[in-house]
Amino acid sequence: MDTNLPVSAHPRVVIVGCGFGGLRLAKELRNAPVQVVVIDRNNYHNFQPLLYQVATGALEADSIAYPIRKIFAGQENFFYRMGDVQRVDTQRNTVVTSVGDIRYDYLVLATGSLTNFFGIESIEKNGMQIKSIPNALNLRSFIFQNFEKALLTENPQERQALLNIVVVGGGPTGVEISGSLAEMRKHVLPKDYPELDMQNMQIFLVEAGPALLGPMSKKSQDDAKRYLDELGVRVRLNTSIKKFEDCRAYFSDTEYIPTENLVWAAGVNGAAVEGMPEQTVTRNKRINVNLWSQVQGFDNVFAIGDVANMVTEDMPKGLPMLAPVAQQQADLLAENLQRILQGQAPVPFKYKNKGVMAIVSRNKAVVDLPKDVHFNGIFGWFTWLFVHLMTLVGFRNKVVAFVDWAFSYFSSDQALRLIIRPFSRKDVKDDKGKKAAEHKTATAEYIPTPPAIQEAAVGH
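In this text, residue positions in the sequence shown follow the working numbering: the first is 1, and each later residue adds one.
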């Protein structure tokens, strides 16, 4: 079965995944003499850099998603099939999906990345991740559900665990969600939950390395740390979470933070597809490609974006897993596919670094540009807003995001604190463990900060 795709006299280019790379490639092939087929499990393109704003109620989910079919309306050589890719059969030039087999002449893997839990089963089972829109909605529901539970409990230790939030991973996602939560604690939550003393709510950002925002400049790292300190986020560097169970995030066998809320933003793996030869897949599940995105050992299989491990002289460990890399690879691959069809040699890829940025909170962001140009503060914040607003897909999404951001800025409020679909997490906890959690406090690493000290720390 070929999923009822029309027969074409042109070669078929099958693109697996409609993230930044897959979307850009399909667009760039609109006038090429090929049939473009995109396969994705979702019928929308997801703007991942703003997922944390969905999780914290700053934006609604449909503000960062756009229907795939609407994006490509009018592109005559484009076809879309919604389904899960189960494996690739390179012998038969076929992609095996949940909706049927799809033949290809050229295959492009643009599957992105998945959360890497580094083999820590308790965190994978009990922690919250933020890689998709369902993840973000689950996290939003779970946090607000726990605030509701905190109103009902009479046990102060249980209430503290419900209020505490631990974010693991000091990259852009970890920094951004920590800053957003700190702003909510200061401006939003006291209005919604006047019965709770939000000064007792602790936000921890835990990073295994010596600095936040590892790929950025030392100046940006220091500025981000300073901003988070000013917001009252308790940053712990050179620290790893070993396990998360019984409402405890453990640093060691005896040291822990009592919390029901652990957000894992500490690592990613490439989303490699089953069926690719073992020697083409790296340890972190990325696929080895040459400088024109061709998968090692194949003439008609390519990979771009986060899943592609492209090694260059400047990047011996592979290009970074960033949206601009995926988009630039897509642009060149669209040109190279047409060169290949015309019997010409492909052109090697050269990454043009246009800069890196991260937002911490309102009026606080850090930006690194080429040639050691750095700026921060409100100018960096406006730059971050402008770049992300312009990168959103769809005019409506741009307008809605702008209006929501303007409302939040001038009112210091976020209107989307909704538990639309309650989230349930099956924790690793039995009656014995629950009793131990209630009584074992002498070895706790975390000690609640006295309200007067905390008030000064967060500027209340």
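The C-beta atom is built at its ideal place from N, Cα and C for all residues, glycine as well.
No experiment lies behind these values; they were computed from the predicted model shown.
The beta carbons of L107 and V34 sit no closer together than 9 Å. Per DSSP, the unbroken alpha helix (DSSP H) holding M390 starts and ends at G377 to T391. The beta carbons of T280 and G270 sit no closer together than 9 Å. DSSP places Q75 in the coil class of the three-state scheme, outside both helix and strand. In terms of CA proximity to D331, P348 leads the group L341, M201, M315 and P348.
If you look at R103, you'll find it in the beta strand (DSSP E) that goes G100 to R103. R236 sits in a strand when the DSSP states are folded into three classes. Spatial neighbours of G267 in its own chain (CB-CB distance under 8 Å, excluding positions within 5 residues in sequence) are listed in chain order as T115, N116, F117, F118 and G169. Annotation note: the segment 197 to 246 contains the following uninterrupted beta strand (DSSP E) runs of length 3 or greater, listed N- to C-terminal: 203 to 206, 234 to 236 and 243 to 245. Fewer than three Cβ pairs drawn from the segment 249 to 262 and the segment 351 to 364 lie within less than 8 Å of each other, which leaves the two stretches out of contact. Excluding sequence positions up to five before and after G127, its CB lies within less than 8 Å of the CB of F117, V168, F244, L262, V263 and W264, all in the same chain and listed in chain order. Beyond the five residues adjoining it in sequence on each side, R41 comes within less than 6 Å, by CB distance, of D84 in the same chain, given in chain order.
Here the segment 334 to 342 does not lie against the segment 188 to 196, with fewer than 3 beta-carbon pairs under 8 Å apart. Collapsing the DSSP output to three states places N288 in a strand. Put simply, the backbone Cα of S293 is about 8 Å away from that of A308. Relative to A182, the option among L196, P194 and Q202 whose CA is nearest is Q202.
Remark: C-beta atoms of V166 and F204 approach each other more closely than 9 Å. Separation of V37 and N376 (C-alpha to C-alpha, rounded to the nearest whole angstrom) is 42 Å.
With the rule of 3 Cβ pairs closer than 8 Å, the segment 220 to 231 counts as touching the segment 365 to 383. At the C-beta level, E76 and L162 stay beyond 9 Å of one another. Residue state for F302 is assigned as strand, using DSSP reduced to three classes. The closest CA to that of V356, considering only N336, G17, R159 and D368, is found on D368. A straight line joining the alpha-carbon of A136 with that of A345 spans about 43 Å. Judged by beta-carbon spacing, E274 lies within the 9 Å limit of Q86, meaning their Cβ atoms are closer than that value. DSSP places D331 in the uninterrupted alpha helix (DSSP H) bounded by A323 to L341.
Judged by DSSP in its simplified three-state form, I420 adopts coil rather than helix or strand. Separation of P134 and V7 (C-alpha to C-alpha, rounded to the nearest whole angstrom) is 36 Å. Counting C-beta pairs closer than 8 Å gives three or more between the segment 205 to 212 and the segment 231 to 243, which meets the contact rule.
Under DSSP, the beta-bridge partners assigned to W264 are V168. From the listed residues N4, G22, G100 and L337, the smallest Cα separation to Y44 is found for G22. Between Y351 and L319 the beta-carbon gap is near 6 Å, inside 8 Å, which marks them as a contact. Of G305, Q327, Y52 and A406, the smallest CA-CA separation from N138 is found for Y52. Under the three-state reduction of DSSP output, D40 falls in the strand class. Nearest in C-alpha terms to T312, of all of F298, E195, V295 and V289, is V289. Around the beta carbon of I177, a 10 Å sphere encloses 16 or more other beta carbons of the protein chains shown; the residue is thus reported as buried.
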